[in-house]
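Participant:
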Amino acid sequence: MSEFRPKFLKPSDTTSFLDRDDSYSVETTDFVYNRYLSQSIQTQRQRLPIFNNRNHILYLLEKYQTLILIGETGCGKSTQIPQYMIEAEWPGQIGVCEPRRVAAISLANRVADETGTLVQQDTVGYAVRFDACYNKPKIKYMTEGILLREMMSDPLLKGYSAIMLDEAHERSLYTDILMGLMKKILKKRKDLRLIVASATLDAKELHDFFNNNTTDDKKNDTAVIMSVEGRQFPVEIFYISEPVPCYVQASVDSVLKINASKATGDILVFLTGQEEVDRAVRLLNEHANLIEESRKKENMMVLPMYGSLPHHEQLKVFKPPPNGYRKVVVATNVAETSVTIPGIVHVIDCGFVKLKWYNTETHTDSLVVLPISKSSAAQRAGRAGRVRSGNVYRLYTEEDAAKLADNTPPEMVRSNLTYAVLQIKALGIANLLKFSFPSPPPIENLKSALEILYALDAIDIDGELTKPIGYNMAEFALDPLYSKVLLSSGEFGCSEEILTIIAMLQVETVFTKPTSGNSIIRARIQKRLFEVEEGDLITYLNVFNGFIQSEMSQGFCHKNFLSYKSLKRVVEIRKRLEKMMRSYEIPIESCIRSTETIRKCLVKGLFPNAAYLHHSGVYKTIRGDIELFVHPDSVLYTMSQPQWILFCQVVHTTKLYMKDLTVIENDWLLELAPHFYYKTTFRE
DNA sequence: GAGCACTGC
């Protein structure tokens, strides 16, 4: 393989190595190593890098409306700034928005500890879906979606005196909607403060976005940027001199090379997907066995890490390796944002990431492998400098590194926008083109979203939200296609069944997949017991009803290879949806096993996702004649192929695969969605 | 025969 050429990375701070600690690594995991456990909480707080900036931050918040705060993860910004503000007797409520539930909950718990109070009491609380605080704590940690919901009933956020958008560099769909709305609110509420906390370089653009100063005089700026030094150790960067033909093989070679050298410390490898991770782990394990036999080099404990890995498998990466072993974790992007793996000293970065990308021509989401951005590369490198100075080995050349984009495109410019547009409309933005997007999405994506919302009768011809259907749809935290099905279920008399089906579609999957042994076959046989020829959605209904009939027993789940945790979550979601349906006075009733009624009701919302069996033996979408394939996870994969089907999603990997299918009749499309399908649309 | 990562009063 190619040689690595060393390249430096300027240590963010070289003066205070001895002062660093890891006690505030709150992001997501509960595995927090606290070197200063015996010290008082106040001493610990003062050790944080951000402590030196305390007064300056408070001063800037007095003077400016928006503070753009650049700080590496672990500098203490999410836990400390709200505390500084209440210590300075800041009036009103301070809201902190996190992209992930676990982050909101663990931050609230952490800060409750630090303030010597109980979480969900007067001082600190959190609100996430299904788990809200009902009082009004001074500091409230929440997921981004929660604040968006609150804006619907309180458009000026009168309850808050300050909002902090944490991890803003991740630029989720919600972050962008919230930033656009906050800009509007800040103009109307001069007393409100916004803190945008980001780990990366996009500060200048965000500053320009929020700065309401119309004069040339900087003194009138309403936004200001500030950087806080992180708690990073220096990380040395190595590039390859020649591009590699295969980064999976190259990453394996690099691991072996580090392992054969004198360097100590655990290794983290970034690849793009599960298949690559499994392949690299397999290759490394073959070598690991050889090493163990020869007893010459350090032994390796090789572990995979990706989102769909069973929970107990994921936990392994947080444990220290046995004596005489070096831990090698091969991970997808989970290790860049959601999960912090302790003990990492060497990072190997393949330079690519798998991203979801919405295609307006096919109306489908594709997963595409793309080069990472500079900020993403920096984030990955930073994973090597958390315990001591480390190294990052980049499997691309320095020239290619210089060509990378500064930031990953925000979700807003690469997503299906139906849900986002509906939310923005519900927040009183009539003209989308006048909405101030931090990164405006492609006009095609907006158009496509508006078309679907119009076909669903959520907006009228002028683009105004319809009453009551459009407003009601916006209140559901669901894909508009699904909320339409739910709201229609009353007139079909099958709301009991539809509630179950929609709730089941909100979890990843309820079927567990054993990875080895004869349980793979046993799981398949058990799944067959629930399968019906009407498709996946009716099959899900059977699974849920079986679970309820078993009185939600864990034994039932175990026997049938079902996830108890997921099914319990479905029960929760179903309850929540049912409550909303009752508030709209939609009758909750059952159609007593008439799957035809249920399937007709599904057509009422899912009609844009209809496909027919072409005489060539493949499916095609009705709007657009795009070739589609049945996903191997679908119950229809092994059954005879019906003529007409509805799908809930399409994933574009090696082919266009339809998932979550329902068998329908073509007459139903004409009967229930005549505005969308004319007879002439039907070619054969 | 296939699976980036999140989230929603």
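Using our numbering, the letters of the first sequence correspond one by one to residues -3 to 680.
Glycine is no exception: its CB is placed at the ideal position from the N, C-alpha and C atoms.
1) In chain order, what residues of the same chain lie with their CB nearer than 8 angstroms to the CB of residue 220, ignoring the 5 residues before and after it?
2) Can you tell me which residues form a DSSP beta bridge with residue 344?
3) Which residue spans inside the segment 143 to 202 form an unbroken beta strand (DSSP E) run of at least 3?
4) For residue 303, which residues from the same chain have a beta carbon less than 6 angstroms from its beta carbon, with the 5 sequence-adjacent residues on both sides left out?
5) Taking DSSP's pairing of strands, which residues face residue 606 in a bridge?
6) Return helix, strand or coil for residue 361, following the three-state DSSP convention.
7) Which whole-angstrom value is the C-beta distance of residue 78 and residue 227, which I expect to be below 8 angstroms?
8) Nearest-angstrom Cα distance between residue 114 and residue 132?
9) To the nearest angstrom, report how far apart residue 571 and residue 235 are at their CA atoms.
10) So, are the CB atoms of residue 400 and residue 328 less than 8 angstroms apart?
11) Do residue 295 and residue 322 come within 8 angstroms of each other at the CB atom, strictly closer than that value?
12) Throw me the rounded Cβ distance for the residue 509 and residue 519 pair, which I believe falls under 8 angstroms.
13) Check whether the segment 177 to 190 and the segment 156 to 164 are in contact - that is, three or more C-beta pairs closer than 8 angstroms.
14) What residue range is occupied by the uninterrupted beta strand (DSSP E) comprising residue 625?
15) Are there three or more Cβ pairs, one per stretch, closer than 8 angstroms when the segment 302 to 320 is compared with the segment 236 to 244?
16) Using only CA atoms, which one of 608, 529, 169 and 333 lies nearest to residue 621?
17) Could you check whether residue 652 and residue 659 sit closer than 8 angstroms to each other, using their CB atoms as the reference points?
18) Is the distance from the Cβ of residue 273 to the Cβ of residue 349 below 8 angstroms?
19) Pull the bridge partners of residue 660 from the DSSP assignment, please.
20) Compare the Cα-Cα distances from residue 141 to each of 127, 135, 439 and 255 and report the closest residue.
21) Going by the beta-carbon positions, is the gap between residue 351 and residue 243 smaller than 8 angstroms?
22) Could you work out which residue in 465, 630, 119 and 593 is closest to residue 655 when comparing CA atoms only?
23) Under 8 angstroms, with one C-beta from each stretch per pair, do the segment 483 to 503 and the segment 436 to 446 reach the 3-pair mark?
24) Alpha carbon to alpha carbon, how far is residue 664 from residue 363?
25) Alpha carbon to alpha carbon, how far is residue 668 from residue 376?
26) Where in the segment 69 to 138 do unbroken runs of the alpha helix (DSSP H), each at least 4 residues long, occur, reported from the N-terminal end onward?
27) Applying the 10 Å Cβ sphere with the 16-neighbour rule, what's the burial state of residue 671?
28) Going by the CB atoms, is the gap between residue 233 and residue 342 shorter than 8 angstroms?
29) Runs of 4 residues minimum, wholly inside the segment 406 to 490: which ones carry the alpha helix (DSSP H) assignment?
30) Are three or more beta carbon pairs between the segment 246 to 255 and the segment 398 to 414 nearer than 8 angstroms?
31) Report all residues from its chain with a CB closer than 6 angstroms to the CB of residue 317; omit the five preceding and five following residues, and keep chain order.
32) So, are the CB atoms of residue 560 and residue 550 less than 8 angstroms apart?
33) Let me know if residue 548 comes out buried or exposed under the rule of 16 or more other beta-carbons within 10 Å of its beta-carbon.
34) Am I right that residue 408 and residue 169 are in contact with their C-beta atoms under 8 angstroms? What's the rounded C-beta distance?
35) Taking 6 angstroms as the limit between beta carbons, can you name the residues of its chain near residue 610, skipping five residues before and five after?
36) Once you ignore the five residues that flank residue 173 on each side, which residues in its own chain have a CB closer than 7 angstroms to its CB?
Facilitator: Concretely, from the data shown:
1) In the same chain as residue 220, and ignoring 5 residues on each side of it, the C-beta atoms closer than 8 angstroms to its own belong to 56, 59, 60, 62, 63, 64 and 203, in chain order.
2) DSSP lists 265 and 389 as partners of residue 344.
3) Counting only runs of 3 or more, we get 156 to 161 and 189 to 194.
4) Within the same chain, and ignoring the five residues on either side of residue 303 in sequence, the residues whose Cβ sits closer than 6 angstroms to its Cβ are 330.
5) DSSP lists 642 as partners of residue 606.
6) Strand.
7) About 19 angstroms; that fails the 8 angstroms criterion.
8) The alpha-carbon atoms of residue 114 and residue 132 are separated by roughly 13 angstroms.
9) Using only the alpha carbons, I get a separation of about 53 angstroms.
10) Between residue 400 and residue 328, the C-beta gap is not smaller than 8 angstroms, which leaves the two residues out of contact.
11) Cβ distance < 8 angstroms, so residue 322 and residue 295 count as in contact.
12) With 8 angstroms as the limit, residue 509 and residue 519 qualify as a contact, their Cβ atoms being about 7 angstroms apart.
13) In short, these stretches touch, since the Cβ pair count reaches three.
14) Here the beta strand (DSSP E) through residue 625 covers 623 to 626.
15) Under the three-pair Cβ rule at 8 angstroms, the segment 302 to 320 does not count as touching the segment 236 to 244.
16) Among 608, 529, 169 and 333, the Cα nearest to that of residue 621 belongs to 608.
17) Residue 652 is positioned such that its CB atom lies no closer than 8 angstroms to that of residue 659.
18) Cβ distance not < 8 angstroms, so residue 273 and residue 349 don't count as in contact.
19) Residue pairing from DSSP places residue 660 in a beta bridge opposite 640.
20) For residue 141, the nearest C-alpha among the options comes from 127.
21) Going by beta carbons, residue 351 and residue 243 fall outside the 8 angstroms limit.
22) It is 630 whose Cα lies nearest to the Cα of residue 655.
23) Short answer: they don't touch.
24) A straight line joining the alpha-carbon of residue 664 with that of residue 363 spans about 32 angstroms.
25) About 50 angstroms.
26) Runs found: 73 to 83 and 97 to 110.
27) By the Cβ-count criterion, residue 671 is exposed, with fewer than 16 other Cβ atoms from all chains shown falling within 10 Å of its own Cβ.
28) Contact annotation: residue 342 and residue 233 have beta-carbon atoms that are not nearer than 8 angstroms.
29) Listed in chain order, the alpha helix (DSSP H) runs fully inside the segment 406 to 490 are 414 to 422, 439 to 451, 465 to 471 and 476 to 488, counting runs of at least 4 residues.
30) Using a C-beta cut-off of 8 angstroms, the segment 246 to 255 makes no contact with the segment 398 to 414, since fewer than three inter-stretch Cβ pairs fall below that distance.
31) Here the set comprises 297 and 323.
32) Their beta carbons are under 8 angstroms apart, which means residue 560 touches residue 550 by this criterion.
33) Per the 10 Å Cβ criterion, exposed.
34) Rounded, the Cβ-Cβ distance is 6 angstroms, consistent with contact.
35) So the list reads 616, once near-sequence residues are dropped.
36) So the qualifying residues of the chain are 144, 416, 419 and 420.
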